[in-house]
Amino acid sequence: MARWRRPPGAVRIPLVPVKLGSHRAAAESGPLALLRGCHARIRSFASLSVRLFAEEAAPLERAEAGRAVHRYFTVALPLHSDDEERSLAPLLQARIAATLERMTREHRELEALVATLSPAWLAAGGGGEGDRLRPLRDAERFAAAFEGHLGLEEAELFPAVEALGREPLDRVWLEMQLRRRPAEEAHIPVPPGPWQR
Ligand SMILES: [Fe+2]
Ligand SMILES: [Fe+2]
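According to our numbering, the sequence shown holds residues 47 to 243 in order.
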């Protein structure tokens, strides 16, 4: 497969280096650290979702990466959305109602894109270059939509969380930890191969 070149005008996806296994370290330091850690992992997996369809890789590596991306966005992402919608939004409604409304609407839009991309992630190990063009466009749209969403939250939601008092933050933290306990969850590593760079 020829080396993929970004088409003119296409969205540039930042490759954010993520320290693998950082979830447990983040989990030790409270809600904001975990929120930020989740955003780093979302960026990393959204970027991997683009590279999966854009870069050269052996079929097995591509299949494994596709399954990891699918698993991240169907198992771990919903926990993060619940943190924001179920634990944080009720506490912040009076202060940033419009932001929360947009955030929740974007969560539904992003879920629809996850559903659109899921078959392509799961089938990433097969097919030829031509079969990857459409999922590549979808993956770029997905990563760009997420970048806008994460930027909104980091600019408006996170400062409001930071301003919460100790007692509500402790409650949020407990909810976040309980949410993750059953599935041992969101610690989904980027698989080995050309993706880890
Ligand atoms: Fe969100
Ligand atoms: Fe978020």
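Positions of the beta carbon are idealized from the N, C-alpha and C atoms, including for glycine.
- Rounded to the nearest whole angstrom, the C-alpha separation of E208 and R141 is 13 Å.
- In the three-state DSSP reduction, L210 falls in the coil class, being neither helix nor strand.
- Taking C-beta separations shorter than 8 Å and ignoring five residues to either side along the sequence, the partners of A135 in its chain run L146, M149, T150, following chain order.
- Using a 10 angstroms sphere on the CB of L106, the tally of other CB atoms stays under 16, which defines it as exposed.
- When DSSP assignments are scanned along the region 120-162, no uninterrupted stretch of beta strand (DSSP E) that is 3 or more residues long falls wholly within it.
- In the same chain as W219, and ignoring 5 residues on each side of it, the C-beta atoms closer than 7 Å to its own belong to G76, P77, in chain order.
- Here the distance from the Cβ of I142 to the nearest heavy atom of ligand 2 is not below 8 Å.
- Here R180 has A166 as same chain residues with Cβ atoms under 8 Å from its own Cβ, once five neighbours each way along the sequence are excluded.
- Residue range 179-198 is occupied by the alpha helix (DSSP H) that includes A189.
- The beta carbon of L198 sits closer than 8 Å to those of T145, R148, M149, E152, all from its chain and outside the five residues before and after it, given in chain order.
- DSSP places S93 in the helix class (H, G or I) of the three-state scheme.
- Here H116 is actually not in contact with L196; their C-beta atoms are around 20 Å apart, not less than 8 Å.
- Nearest C-alpha to E202 among L98, G211, L138, L80: L138.
- E130 sits buried, since 16 or more C-beta atoms from the chains shown fall within 10 Å of its C-beta.
- The C-beta distance from A191 to L163 rounds to 11 Å, too long to fall under 8 Å, and the pair is not in contact.
- Between P237 and E110, the gap from beta carbon to beta carbon is short of 9 Å.
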